[in-house]
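Worksheet: one structure, shown below.
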Amino acid sequence: MTKLAICMDLKIILTKRWFIFFLLLFVVWYIVTFCLVTVYGIFPHPLFLLAGNMFTPLWIFLISYLYFRRTHNDWPARFVTAIGWMVLVFVFAALLSEPVYGASWTGIFTWNVIDANWINAVAILMGGVASHRSVSTNVSVEDHTP
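Counting from 1, one number per residue, gives the positions in the sequence shown under the numbering used here.
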């Protein structure tokens, strides 16, 4: 594949819709996660920890499912979206870590944090797979009664 073909594929994938869905994903995720962390800090009940750990992959799966329903949906598009959205999540979270939490931005880029987020990339891939419409689903079954 030539460099021109790769650039053309990226132009098809990285659209305004791609960035809008990422912003929706990030803004809602950041606000809800901030609230869940705050509530868990005040009331350290295990259900708040469970809710915080379940919300992120489920939210990312929902957004990626809705995104891929009406856009280019093949494996290269899914991988570009998964890698791109996860990189942007880390960058924006790092930019907001000091003003919001008072923590250094380098705390976002530790192996433990990166390792804990593999499930989110899988959620993006699975959202694309779940929203994929196969050509074979449009085949009608003929009635062969005598």
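Glycine residues also receive a C-beta, built at the ideal position from the N, C-alpha and C atoms. Only a predicted model underlies this, so the values are computations on that prediction, with no experimental measurement involved.
Euclidean distance between Cα positions of L58 and A123:
7 Å
Please work out which residues of its chain come closer than 6 Å, Cβ to Cβ, to L25, disregarding the five sequence neighbours upstream and downstream, and give them in chain order.
I63
Taking 8 Å as the limit between beta carbons, can you name the residues of its chain near D143, skipping five residues before and five after?
Per-residue confidence for D143 stands at a pLDDT of 47, beneath the threshold of 50, marking its modelled position as unreliable; the derived number appears in the next sentence. For D143, where only same-chain residues beyond five positions count, there are no Cβ hits under 8 Å.
With distances taken from CA atoms, which of K16, L125, I20 is nearest D74?
L125
Neighbour-count burial assignment, T81, 16 or more Cβ in a 10 Å radius
buried
Report the CB separation of F34 from W85 in whole angstroms; it is logged as a contact under 8 Å.
Contact doesn't hold; Cβ gap of about 19 Å is too wide.
In three-state terms, what does DSSP make of R133?
coil
Within 10 angstroms of the Cβ of A103, are there 16 or more other Cβ atoms? Answer buried if so, exposed if not.
exposed
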